[in-house]
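Shown next, in structure tokens, is the structure this report addresses.
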Amino acid sequence: MKGKVLVGMSGGVDSSVAALLLQKSGWEVVGCTLRLHLDDPSFPPREGGCCSFQDVQDARRVCYALGIDHFVFNFTELFEQKVIDNFVSEYAVGRTPNPCIRCNRWLKFGAMLRRAEELGCDAIATGHYAKVQQGPDGRWQLYASPYGKDQRRTYDKHRINKNPEKRN
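Be aware that the sequence shown starts at 707, since it is given in my numbering, and climbs by one per residue.
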């Protein structure tokens with residue numbers, strides 16, 4: 707066994723395949739989905755952004771099929787504080803913030819990483835396309851969009867805090 711990895715799963719193809727490939731390559735895989743907002747019945751399925759009730763169910767089904775545990779982390783308050791409040795205040799003064807960047811920093815690669823540590827995981831993974839290599843100095847380096855993959859999933863990864871002693 708290579709170690710234990712927490713995979714952030716949306717229920718979509720990319721994160722599901724990431725979980726499967728990690729499992730097949732010898733990792734003990736644990737799946738998780740982030741709950742970022744309360745479900746609003748006025749939004750049709752899949753039109754309310756990411757992390758909907760349907761996404762949770764899809765991810766849960768994939769985890770069941772793979773025979774792995776699945777957790778749902780309730781980050782609704784943190785999402786409101788770190789993402790929504792900032793978006794509203796920035797928009798009110800004429801700026802156009804990108805909520806996905808703040809969500810990735812504070813939740814997907816901040817709070818989710820802390821939960822991974824609590825679960826005894828050695829690593830986290832998602833369906834985002836990125837290449838990670840160890841540099842000549844021994845430090846891990848993150849490279850976006852390898853092999854011509856979709857860049858919209860990696861353009862903001864430079865914001866991830868790579869220093870384990872100073873994580874957000």
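Each residue gets a CB set at the ideal place from its N, CA and C atoms; glycine is no exception.
A quick note: this is a predicted structure, and the numbers were derived from the prediction, not measured.
In terms of alpha-carbon separation, which member of GLY714, LYS710, GLN839 and HIS776 lies closest to ASN810? GLY714
For TRP733, which option in SER721, SER758, GLN840 and CYS827 has the closest C-alpha, if you only look at C-alpha atoms? CYS827
Here's the rule I'm using: 16 or more other beta-carbon atoms within 10 Å means buried, otherwise exposed. How should VAL789 be labelled? buried
Within this structure, are the beta carbons of PHE777 and LEU742 separated by less than 7 Å? no
With a 10 Å radius around its C-beta and 16 neighbouring C-beta atoms as the bar for buried, classify LYS814 as buried or exposed. buried
Measuring only the C-alpha atoms, how far is VAL719 from ASP761? 11 Å
Cα-Cα separation, GLY875 to LEU825: This structure does not reach residue 875, given that the chain is present from 707 up to 874, and the question cannot be answered.
Buried versus exposed, by CB contacts within 10 Å (16 or more), ASP791: exposed
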